[in-house]
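Here's the structure we're looking at; comments come further down.
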Amino acid sequence: MFSFSQRSSNLFAKSGVIRKFSQSACRRGYEDSIKNLLINRDTKVICQGFTGKAGTFHAQEALDYGTRMVGGVSPKKAGQTHLGLPVFGTVKEAVMETKPDASVIYVPPAIAADAILEAIENEIGLIVCVAEGIPEADQIKVRSFMLSEASQSPVSWAPIALEIGIQPGHIHNPGNIGIVSRSGTLSYESAAQITGVGLGQSICIGIGGDPFPGTQHVEAVKVLLDDPNTEGIVFIGEIGGFMEEEAAEYIFQYNKTQVNPKPIVGFVAGRTAPSGRRAASDKIAALSRAGVIIVDSPSKIGAEMLGAMQERAVNTSTSASAWSGV
Numbered sequence: 001m002f003s004f005s006q007r008s009s010n011l012f013a014k015s016g017v018i019r020k021f022s023q024s025a026c027r028r029g030y031e032d033s034i035k036n037l038l039i040n041r042d043t044k045v046i047c048q049g050f051t052g053k054a055g056t057f058h059a060q061e062a063l064d065y066g067t068r069m070v071g072g073v074s075p076k077k078a079g080q081t082h083l084g085l086p087v088f089g090t091v092k093e094a095v096m097e098t099k100p101d102a103s104v105i106y107v108p109p110a111i112a113a114d115a116i117l118e119a120i121e122n123e124i125g126l127i128v129c130v131a132e133g134i135p136e137a138d139q140i141k142v143r144s145f146m147l148s149e150a151s152q153s154p155v156s157w158a159p160i161a162l163e164i165g166i167q168p169g170h171i172h173n174p175g176n177i178g179i180v181s182r183s184g185t186l187s188y189e190s191a192a193q194i195t196g197v198g199l200g201q202s203i204c205i206g207i208g209g210d211p212f213p214g215t216q217h218v219e220a221v222k223v224l225l226d227d228p229n230t231e232g233i234v235f236i237g238e239i240g241g242f243m244e245e246e247a248a249e250y251i252f253q254y255n256k257t258q259v260n261p262k263p264i265v266g267f268v269a270g271r272t273a274p275s276g277r278r279a280a281s282d283k284i285a286a287l288s289r290a291g292v293i294i295v296d297s298p299s300k301i302g303a304e305m306l307g308a309m310q311e312r313a314v315n316t317s318t319s320a321s322a323w324s325g326v
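Sequential numbering from 1 applies to the sequence shown in full-length UniProt numbering.
Written out as structure tokens, the structure is:
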């Protein structure tokens, strides 16, 4: 439900011309858009549902944090200004005038899918929707459309760079630990602990607890493993579904087998599961096989990550010394 990143250059490539969604040659695949999670201080953001209570509050919080908000969408207040920014009647108008890299959506669950689809149709590279309880049929519709057209993630956040979503800024600090979480509350707890032990966050990605999220665990893990500014990862899962197992398989193939793999500390909420839902034990077993350090309480995440990072530093130093002596 959030994504945080410390970057100095804009990772969203711009051609200088308005992107036309109707021309199939301009469309990008979903895999192409995953890297858009790597937000930075130059990321330009619009807000859908801009003038509502939630939109106003969180947009102001984002502005105070340093996010480059460039405008918002509110059909009934088009042509006005709000929080010192222009208000547009449609996403298309906002895109034409501001050329945003991301959109954050604060609308009720019943109309959230329409807002997401409008952003996808206008080829916004990162879509952050914080609504909980979006009807599952709508989630499936959005996920299906998104896989062929664009990327969507529930929240995005970057220490010292920007906030996109509802993550509290004071618990974060710039650093090299990436966080991916299905739980909003545990993402806050993880970030606070990482900051508390003297580390900091490179990027935090919240994928939400709904059955059909826009961005899934394995996709977020790919971004974090490939990101040179991320040296360790906190992985928060929950009962239900197979996302954690899919991510574990990827971690096994592309991290555990490395000479000096990135430390990953994991916690899966829910030691027992209702009938018909995947239990935490299955997910924990898969993650453990992949080399993830599993903690039995979220209160241990910070200390475990600090220890893992210290051990990795020693291993890196030892490997470098051995290489120099060859």
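The C-beta atom is built at its ideal place from N, Cα and C for all residues, glycine as well.
Just so it is clear, the structure is predicted and the values come from calculations on it, not from any experiment.
Item, Value
"Reduced DSSP secondary structure (H/G/I, E/B, other) of PHE235", "strand"
"Cβ-based burial, GLN23 [other Cβ within 10 Å; buried from 16]", "For GLN23, the predicted structure reports a pLDDT of 32, less than 50, and the residue's modelled location is therefore unreliable. A value from the coordinates is still provided. With fewer than 16 other Cβ atoms within 10 Å, it is exposed."
"Reduced DSSP secondary structure (H/G/I, E/B, other) of ARG68", "strand"
"Rounded separation between MET305 and ILE251 - CA only", "17 Å"
"Boundaries of the beta strand (DSSP E) in which ILE124 is found, first to last residue", "Per DSSP, ILE124 belongs to no beta strand (DSSP E) and is neither H nor E."
"Whole-angstrom distance between PHE235 and GLY178, CA atom to CA atom", "9 Å"
"LEU85 - DSSP class collapsed to helix/strand/coil", "strand"
"Classification of GLU136 by the beta-carbon crowding that lies within 10 angstroms, buried from 16 upward", "exposed"
"Identity of the residue in ASN260, PRO86, TYR65 nearest GLY49 by Cα", "PRO86"
"Buried versus exposed, by CB contacts within 10 Å (16 or more), THR185", "exposed"
"Cβ shell of GLU118 (< 7 Å), same chain only, five flanking positions each side left out", "VAL91"
"Whole-angstrom distance between LYS222 and CYS47, CA atom to CA atom", "27 Å"
"Beta-bridge partners of ILE203, as assigned by DSSP", "GLY178"
"Residues bridged to SER190 [DSSP beta-bridge criterion]", "Answer is none; SER190 lacks a bridge partner."
"GLY125 burial status per 10 Å Cβ neighbour count (16 or more: buried)", "buried"
"Segment limits, beta strand (DSSP E) that includes SER103", "102-105"
"Close beta carbons around VAL197, own chain, < 6 Å, minus the five adjacent residues each side", "GLY302, LEU306"
"Start-to-end residues for the alpha helix (DSSP H) that takes in ALA269", "Run containing ALA269: none in the alpha helix (DSSP H); it sits in the beta strand (DSSP E), 264-269."
"Option in CYS129, ALA192, ALA102 with minimal Cα separation from ASP42", "ALA102"
"DSSP state of LYS44 mapped onto helix, strand, coil", "strand"
"Per-residue burial, MET96 [other beta carbons within 10 Å of its own, 16 or more giving buried]", "exposed"
"Beta-carbon proximity check, GLU244 vs LYS283, cutoff 9 Å", "yes"
"Segment contact flag, the stretch 49-68 with the stretch 98-113, C-beta cutoff 8 Å, min 3 pairs", "yes"
"Separation of GLY66 from ILE160, as counted between CA atoms", "At ILE160 the pLDDT is 38, less than 50, meaning the model places this residue with poor confidence; the figure from the coordinates comes in the next sentence. Taking the straight line joining both Cα atoms gives about 8 Å."
"Classification of PRO75 by the beta-carbon crowding that lies within 10 angstroms, buried from 16 upward", "exposed"
"Whole-angstrom C-beta distance between ASP227 and ILE207, which should lie under 8 Å", "Rounded, the Cβ-Cβ distance is 16 Å, inconsistent with contact."
"Enclosing alpha helix (DSSP H) for SER288 [first to last residue]", "280-289"
"Euclidean distance between Cα positions of THR98 and TYR188", "31 Å"
"Secondary structure of ILE293, DSSP reduced to three states", "strand"
"For VAL95, three-class secondary structure by DSSP", "helix"
"Coil, strand or helix - VAL259 by DSSP", "coil"
"Residues bridged to VAL197 (per DSSP)", "In DSSP, VAL197 forms no bridge with anything."
"Residues that DSSP places opposite VAL223 in a beta bridge", "DSSP lists no partner for VAL223."
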